[in-house]
Amino acid sequence: MKITVLGSLGNINRNYLPRLIADGHDVTVITSSQDRIAAIHALGAEAAVGSNRDVDFLTTTFQGSDVVYLMISGINPMSGADMWQAAIELSENYKTAVQSSGVKNVVNLSSIGADNPNAGILYCYHFGEDALNSLDGVNVVHIRPVGFFNNLFADMQSLKTQQTIFSQVSADIMRGWVSPVDIADVVYALISNTPAGKSVKFVVSDWGTGNDWLKALAENGIEAKYQKIPAEAIATNMRKIGFHEDTANRFVQMNRAGENADEFYASLRATDYHLGKVKLGDFAKVFAETYKKSI
């Protein structure tokens, strides 16, 4: 098959691209950076350099593809970007490019919360799902991962300086966490065999509370405490480091939604979601290695 993917050589792509290439597929990787061309070619893939905001570029690059892999990417919230508006614009770009290029199979990286208006910033992913679902005669599967383990690296500085994890979400709330490795397994399977029609696949690596995370850190030599902080304190800090006002507020709303775990994960738990192999304890080892190197 001819396969075209967005996401360059990011954390997810680097884990499944070698498998697709080993299977003999003709793979094109879209990247915004000339610096990535050599690494992409080294994998055995073709590189297409351009912007996901350029509909003509996307359309041309998608043409002849049996399947394309899409994601909302290239948005740096600390630059002051309005993530909500950017998601709307990129979703329309992808819809137009898929329609104009004649692609018939799409694997779209979405998110938990894409179907929940109360999920704050995560609900912006519904724009992509809705846009692609409106395409007649195109098979579309949306992958909805839960929160990334890597998001926990945001606690690194406060752990080093105050031995504390600050969070808007209570320490006893059960939360879903996911590794790019497990998402990559699902992406690989769905690109290789895209289901007919419109469908959704949730991905979880492990479940754990804030208290579970503290225990996992302690087992790796990092003693810490957990402190819940008010929503406005988080929003204020986000605005200070460059977040757009609306984006900051929607992140806060996301955390409010996470406090009600039964509602937040209801859609996921109603499906045969993919439960991956990377567990909280596995990530704690990786986190601890990085922590100790940075002291």
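Read in order, the letters of the sequence shown correspond to residues 103 to 397 in the working numbering.
Just so you know, even glycine gets a beta-carbon here, dropped at the ideal spot from N, CA and C.
Notebook entry, point to check: Among residues of its own chain, excluding the 5 on either side of PRO68, which ones have a beta-carbon nearer than 6 Å to its beta-carbon?
Noted result: In the structure as shown, the chain starts at 103 and stops at 397, and residue 68 therefore has no counterpart that could be examined.
Next item on the list: Would you mind listing the alpha helix (DSSP H) stretches within the segment 164 to 207 that are 4+ residues and don't spill past its ends, in chain order?
Entry: 185 to 203
Item checked: Residue environment, ASP125, which counts as buried when at least 16 other CB atoms sit within 10 Å -> exposed
Notebook entry, point to check: Can you list, in chain order, the residues of its chain whose CB lies under 6 Å from that of VAL169, leaving out five sequence neighbours each side?
Noted result: ILE105, ASN207, ILE293, THR296
Next item on the list: Decide if ALA368 is buried, meaning its Cβ has at least 16 other Cβ atoms within 10 Å, or exposed.
Entry: exposed
Margin query: I need the DSSP call for TYR225, collapsed to helix, strand or coil.
Written below: helix
Next item on the list: Check the DSSP bridge columns for ASN362 and list the partner residues they point to.
Entry: Paired residue(s): none; ASN362 is not in a bridge.
Next item on the list: Using three-state DSSP, classify SER396 as helix, strand or coil.
Entry: helix
Next item on the list: Give me the Cα-Cα distance between VAL271 and ARG358, rounded to the nearest whole angstrom.
Entry: 7 Å
Check: In three-state DSSP terms, what is LEU122?
Finding: helix
Notebook entry, point to check: Quick one: any contact between the segment 104 to 120 and the segment 135 to 154, if contact means 3 or more CB pairs under 8 Å?
Noted result: yes
Notebook entry, point to check: So which of PHE345, ASN362, GLN187, GLN264 has the shortest CA-CA distance to MET276?
Noted result: ASN362
Margin query: Whole angstroms are fine: how far does the CA of ILE223 sit from the CA of MET356?
Written below: 6 Å
Next item on the list: Express the C-alpha separation of MET340 and THR130 in angstroms, rounding to a whole number.
Entry: 36 Å
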